[in-house]
Amino acid sequence: MTDFQFITPSEVMEYLFCPRFVYYMNVLKIEQHEHRRALVNKGRNIHQLKLVQNKDYLRKKAGAKDKLIDVYLSSEKLRLVGRMDEILFLEDGSAAPLDYKYAFWENRIYKTLRYQQVLYALLIEEHFAKQVNKAFIVYTRTKNHLEEIALSSKMKGQAKEMLDEVFEIINLAQYPKATTTKRKCEDCTYRNLCIS
Ligand code: SF4
């Protein structure tokens, strides 16, 4: 079997939702219905994005002195490809990904979103040889609320472990354990296939 080459942070987010998604999608190649994709991609609204991207005060608030917009990065070492809305270069010499979400700020950062940012951080660190200690999310439906997420070395290590686990499922065709959160199964695309 040829080893699978690259995955995206979105695929790792699917893995975090339930490891079996990776098996169904990448091993058995059974596409899920659009609704989960829509959930993962919620916050992608190009028109809205363009409007907010004109607002430089958000970057100033984040402590940025320079930026790159709509950046695509890949890493052979990590076997990861990702597209970021922006990369900010901060006054303290570090860098940070910034993502726009067409969503309301709900006073919490979901684990999936947090680790998506950690994966972006790993890509940025490799490409720009800069430390990435934080990420920023702009919630455009709550008056462009700017939320800062701290990214630790421990989280980066965990994200690398997640990548290894995803590749193990794909390359060894390993059927993973089901999610322990049973309510996720209730409206899951794969519930008819799934052996619990
Ligand atoms: S039915 Fe449950 S265990 Fe199976 S893939 Fe869906 S969420 Fe995961």
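The working numbering applies: residue 46 is where the sequence shown begins, and numbers increase by one.
All C-beta atoms, glycine included, are put in the ideal place defined by N, C-alpha and C.
Rounded C-alpha distance that separates residue i from residue j
| i | j | result |
| --- | --- | --- |
| H172 | N237 | 42 Å |
| E210 | I154 | 23 Å |
| F66 | K100 | 37 Å |
| E76 | E136 | 43 Å |
| A148 | E231 | 24 Å |
| A83 | F134 | Note that A83 has pLDDT 49, beneath the 50 cutoff, so the model's placement of it is unreliable and no number is given. |
| A204 | V126 | 14 Å |
| N216 | E59 | 17 Å |
| A109 | A195 | 16 Å |
Contact check, residue i vs residue j, beta carbons under 8 Å
| i | j | result |
| --- | --- | --- |
| A140 | K175 | yes |
| F212 | R124 | yes |
| Y68 | I214 | yes |
| Q161 | P64 | no |
Boundaries of the alpha helix (DSSP H) in which residue i is found, first to last residue
| i | result |
| --- | --- |
| G202 | S198 to N216 |
| R104 | D101 to K106 |
| F51 | That residue, F51, is in no alpha helix (DSSP H); it is neither H nor E in DSSP. |
The ligand SF4 heavy atom lying under 7 Å from the CB of residue i
| i | result |
| --- | --- |
| K229 | yes |
| K236 | According to the sequence as given, residue 236 is Arg; it is not Lys. Yes, since a heavy atom of the ligand SF4 falls inside the 7 Å radius drawn around the Cβ of R236. |
| T157 | no |
| A218 | no |
Residue i, enclosing beta strand (DSSP E) - first and last residue
| i | result |
| --- | --- |
| L113 | A109 to S120 |
| L123 | Per DSSP, L123 belongs to no beta strand (DSSP E) and is neither H nor E. |
Where residue i falls, given that 16 or more other Cβ within 10 Å makes a residue buried
| i | result |
| --- | --- |
| R104 | buried |
| A218 | exposed |
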